[in-house]
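A.B. asks: In our numbering, the protein residues as written are 671 to 1263.
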RNA sequence: GGCCCUGUAGUUCAAUGGAUAGAACGGAAGUUUCCUAAACUUUAAAUAUAGGUUCGAUUCCUAUCGGGGCUACCA
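1) With DSSP as the reference, please indicate the residues paired to residue 827 in a beta bridge.
2) Could you compute how far the alpha carbon of residue 1262 sits from the alpha carbon of residue 1098?
3) Three or more beta-carbon pairs under 8 Å between the stretch 1046 to 1053 and the stretch 970 to 986, yes or no?
4) Quickly, what does DSSP pair residue 1064 with across the bridge? List them, please.
5) Restricting to Cα atoms, I'd like to know which of 1193, 1245, 869 and 902 is closest to residue 781.
6) Classify residue 1129: buried if its beta carbon has 16 or more other beta carbons within 10 angstroms, exposed otherwise.
7) Under a three-way DSSP split, which group does residue 1173 fall into?
8) Should residue 1161 and residue 1222 be called a contact, given that it needs their Cβ atoms to be closer than 7 Å?
9) Jot down the residue ranges of each uninterrupted beta strand (DSSP E) in the stretch 1127 to 1174, minimum 3 residues, whole runs only, in chain order.
10) Assign residue 1062 to one of two classes, buried (16 or more other C-beta atoms within 10 Å of its C-beta) or exposed (fewer than that).
11) For residue 722 and residue 702, what's the separation of their Cα atoms in angstroms?
12) Could you give the residue range of the alpha helix (DSSP H) that holds residue 868?
13) Measuring straight from C-alpha to C-alpha, what distance separates residue 1209 and residue 861?
14) Verify whether the separation of the beta carbon atoms of residue 813 and residue 845 is less than 7 Å.
15) Counting pairs of beta carbons, one from the stretch 798 to 818 and one from the stretch 1073 to 1082, are three or more of them closer than 8 Å?
16) Can you say whether residue 964 is buried or exposed, counting buried as having 16 or more other CB atoms within 10 angstroms of its CB?
17) Considering only their Cβ atoms, is the gap separating residue 1060 from residue 1131 smaller than 7 Å?
18) With distance defined between alpha-carbon atoms, name the residue in 1227, 1204 and 1184 nearest to residue 766.
19) Flag this pair as yes or no: are the beta carbons of residue 698 and residue 716 separated by less than 7 Å?
20) Nearest-angstrom Cα distance between residue 710 and residue 1205?
21) Please give the ranges of any beta strand (DSSP E) in the stretch 770 to 814, keeping only runs that are unbroken, at least 3 residues long and fully inside the region.
22) For residue 1053, does the three-state DSSP call read helix, strand or coil?
23) My output table needs one value for residue 747: the three-state DSSP class, helix, strand or coil.
24) Could you give the residue range of the beta strand (DSSP E) that holds residue 1248?
25) Helix, strand or coil: which one does DSSP assign to residue 695?
26) So for residue 715, helix, strand or coil by DSSP?
27) Tell me, to the nearest whole angstrom, how far the beta carbon of residue 791 is from that of residue 1022; I am working on the premise that it is less than 8 Å.
28) What does residue 972 pair with, by DSSP beta-bridge criteria?
29) Going by DSSP in three states, residue 942 sits in which element: helix, strand or coil?
30) What residue range is occupied by the uninterrupted alpha helix (DSSP H) comprising residue 1030?
31) Could you tell me whether the stretch 823 to 836 touches the stretch 876 to 888, using the rule of 3 or more Cβ pairs below 8 Å?
32) Alpha carbon to alpha carbon, how far is residue 944 from residue 1056? Give it in angstroms, no decimals.
33) For residue 1100, which of helix, strand or coil comes out of DSSP?
34) Which residues mark the beginning and the end of the beta strand (DSSP E) in which residue 758 is found?
35) Taking the straight line between their C-alpha atoms, what separation do you get for residue 1189 and residue 1251?
36) On the DSSP bridge list, what partners appear for residue 1022?
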């Protein structure tokens, strides 16, 4: 890459001039800010070098500039502005680069060189509730991060861990037994996950009523919960489940089956898939056995009531429960087993858990427990902790009915895309199936971009009362730019693109070319930071840059054959990078829109 | 109480310790005889407060004031 070259040349120049050999990390080469693009493409920041040069910023920059010029034929000129040495590269350098790459299908993507295996866990739903907006962020992030890691040369295994067992599931089961009248998705016409979710909510409602009754008799919240018939019935059901009591297992399998059908359809509509699905019902026993080992080795301890704990007070954390008094396992127990199984299955070089930041503590504990029971691979676990999706008034609350359902949102996005498209009236010649496909791409593109452009670490706000934009910094803007380029390319009939190295380039052409040039670095950065937002923001910039170029210069009507060809090649190259970049976000591109 | 995250235009988001803090939406004003106007151009508008480190701080440190999360025999 050119930045590395310029860094090297700077180091050499500084050494020759001032006698100090600096490490590359002390050299700052950055893209010249847009105001000074006429003077340079890249800039060296000279302030940190003044201690060595013992000269003024301007003088230092000039000396280095001259030296670099001498040794670097790629550089055409340099200028010095306020302690910044701006280096301008020759147009022929950029043109050669374009010649060599504009036809590449996968520029900047590293599909083959598998150097390590990474297991990425995401989605991880509970089977007692349908998926909502929070899950959408999780799914899109996990899927995109997987793609990005793949594109940076890693072998990725996408896994989903379904929380299919536990007290929460038993609550839905109990509610269905008590008040369900044998209703099924088929009998009610409801999506399976929605139906089961309804019974979970119903349980909650009935439990509240019962508790309220008990409180009237003077019991505290805690006492009421302990005395509640519904709660104790649910707990009994969990024990029965762990004892593999047939009727309980049968009901459990049936209701979970409904939920899986529902989830599958949501995943499909989001365009998400997995390589492997784990079920906690298969891993919790392994978790229990790890706990047993921990007890024997004395790392864990048992309290009088038979519950099992780990003491993490030395690490600044608390005591943490690993097995309940009745012997049933908790979330942590299951996660221990899941981690162990996953290690056994893949021996990966890294485990990434895409899980919300409200579980930061849980993952600190998980890693510590694994480490304490002697799993040295615990340090390979990375919790990709992302922020919550909030509404303008705060957290989504199921109690207040403000939870944004995943299926509803997808449907709404697609129908908005349809409205917008019909209003613009550009696709009157489309077959209805083709049109549907476009609405889907655009609607989902808007949703995915909206979610992924935000830094994963940060909380984000979604306002349901105003729909997600289709103009400006959005997915459809990028899709539109792509379709626009495709339209030009179709008209151009790209048979004989040939251009020479000595074309005069306009500033906008160079900027656009350099932006394309930096795509591989962007992919690398996104992979290092596990951040699709890096890609998203880049794509927006690229699309914007292209649109400006498009308005300033005509392509097909350019009379100079060389320039016309150059601009076509640049357009083709841009469209490839937009397409590939969007693929990393899971966004599909329409050829026309 | 303890621990963790966070505070940038009216709103939603950007900015490896570097130049005059970028965009988008919304507001104001423009551009279609011309390759797709879901576009482009112009314009007003922001780093919570107080210190510190540094040649240089939105970025790092401390304090204060806001916002959120965790601290469950829920997952």
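Idealized CB from N, CA, C, for every residue including glycine. This structure is a prediction, so every number in the text was calculated from the model and none was measured.
C.D. replies: The structure says:
1) Position 157 of the first chain, counted from the start, is the residue given in the question as residue 827. Residue 827 pairs with 789.
2) Position 592 of the first chain, counted from the first residue, corresponds to residue 1262. Position 428 of the first chain, counted from the first residue, corresponds to residue 1098. Residue 1262 and residue 1098: Cα-Cα distance of roughly 12 Å.
3) no
4) For the purposes of this step, residue 1064 is taken as the residue at position 394 of the first chain. According to DSSP, which records beta bridges pairwise, residue 1064 is partnered with 1061.
5) As a first step, residue 781 is located in the first chain; it is residue number 111 there, counting from the start. It is 1193.
6) Locating residue 1129 in the first chain gives position 459, where the first residue counts as 1. Classification for residue 1129: exposed.
7) As a position in the first chain, residue 1173 is number 503, starting the count at 1. Coil at residue 1173, not helix or strand.
8) In the first chain, the residue the question calls residue 1161 occupies position 491. In the first chain, the residue the question calls residue 1222 occupies position 552. In this structure, residue 1222 does not lie closer than 7 Å to residue 1161 by Cβ.
9) none
10) In the first chain, counting from the first residue as 1, residue 1062 sits at position 392. Exposed, because fewer than 16 other Cβ atoms sit within 10 Å of the Cβ of residue 1062.
11) For the purposes of this step, residue 722 is identified with residue 52 of the first chain, where counting begins at 1. For the purposes of this step, residue 702 is identified with residue 32 of the first chain, where counting begins at 1. Approximately 24 Å, taken between the alpha carbons.
12) The residue given as residue 868 occupies position 198 in the first chain. Run containing residue 868: 862 to 886, per the alpha helix (DSSP H) assignment.
13) Numbered from its first residue, the first chain carries residue 1209 at position 539. Numbered from its first residue, the first chain carries residue 861 at position 191. About 36 Å.
14) Here residue 813 corresponds to residue number 143 of the first chain, with the count starting at 1. Here residue 845 corresponds to residue number 175 of the first chain, with the count starting at 1. Going by C-beta atoms, residue 813 is not nearer than 7 Å to residue 845.
15) yes
16) Locating residue 964 in the first chain gives position 294, counting from the first residue. With 16 or more Cβ atoms within 10 Å of its Cβ, residue 964 is classed as buried.
17) By 1-based counting over the first chain, the position of residue 1131 is 461. By 1-based counting over the first chain, the position of residue 1060 is 390. Closer than 7 Å, so yes.
18) Reading the first chain from its first residue, position 96 is the one you call residue 766. Nearest C-alpha to residue 766: 1184.
19) Here residue 698 refers to the residue found at position 28 when the first chain is read from its first residue. Here residue 716 refers to the residue found at position 46 when the first chain is read from its first residue. No, Cβ-Cβ distance for residue 698 and residue 716 is not below 7 Å.
20) Position 40 of the first chain, counted from the first residue, corresponds to residue 710. Position 535 of the first chain, counted from the first residue, corresponds to residue 1205. Whole-angstrom Cα-Cα distance: 25 Å.
21) 787 to 791
22) For the purposes of this step, residue 1053 is identified with residue 383 of the first chain, where counting begins at 1. Note: residue 1053 maps to strand in three-state DSSP.
23) Within the first chain, the letter at position 77 stands for residue 747. Note: residue 747 maps to strand in three-state DSSP.
24) In the first chain, residue 1248 corresponds to position 578, counting from 1. From DSSP, residue 1248 is part of no beta strand (DSSP E) but of the alpha helix (DSSP H) over 1231 to 1255.
25) If you number the first chain from 1, residue 695 lands on position 25. DSSP places residue 695 in helix when its eight states are reduced to three.
26) Walking along the first chain from the start, residue 715 turns up at place 45. In the structure shown, residue 715 sits in a strand (DSSP, three-state: E or B).
27) Indexing the first chain from 1 puts residue 791 at position 121. Indexing the first chain from 1 puts residue 1022 at position 352. That belief holds up - the Cβ atoms of residue 791 and residue 1022 are roughly 7 Å apart, short of 8 Å.
28) Stepping through the first chain from its first residue, residue 972 is reached at position 302. BP columns for residue 972 point to 978.
29) One-based indexing of the first chain puts residue 942 at position 272. Reduced to three states, the DSSP call for residue 942 is coil.
30) Here residue 1030 is taken as the residue at index 360 of the first chain, counted from 1. That run of the alpha helix (DSSP H) goes 1030 to 1042.
31) no
32) Numbered from its first residue, the first chain carries residue 1056 at position 386. Numbered from its first residue, the first chain carries residue 944 at position 274. Each residue's Cα considered, the two are about 20 Å apart.
33) Stepping through the first chain from its first residue, residue 1100 is reached at position 430. Note: residue 1100 maps to coil in three-state DSSP.
34) Start at 1 with the first residue of the first chain, and residue 758 comes out as number 88. Counting along the chain, the beta strand (DSSP E) containing residue 758 begins and ends at 754 to 759.
35) Here residue 1189 corresponds to residue number 519 of the first chain, with the count starting at 1. Here residue 1251 corresponds to residue number 581 of the first chain, with the count starting at 1. Cα to Cα, the separation comes out at about 8 Å.
36) Numbered from its first residue, the first chain carries residue 1022 at position 352. Beta-bridge pairing links residue 1022 to 790 and 1052.
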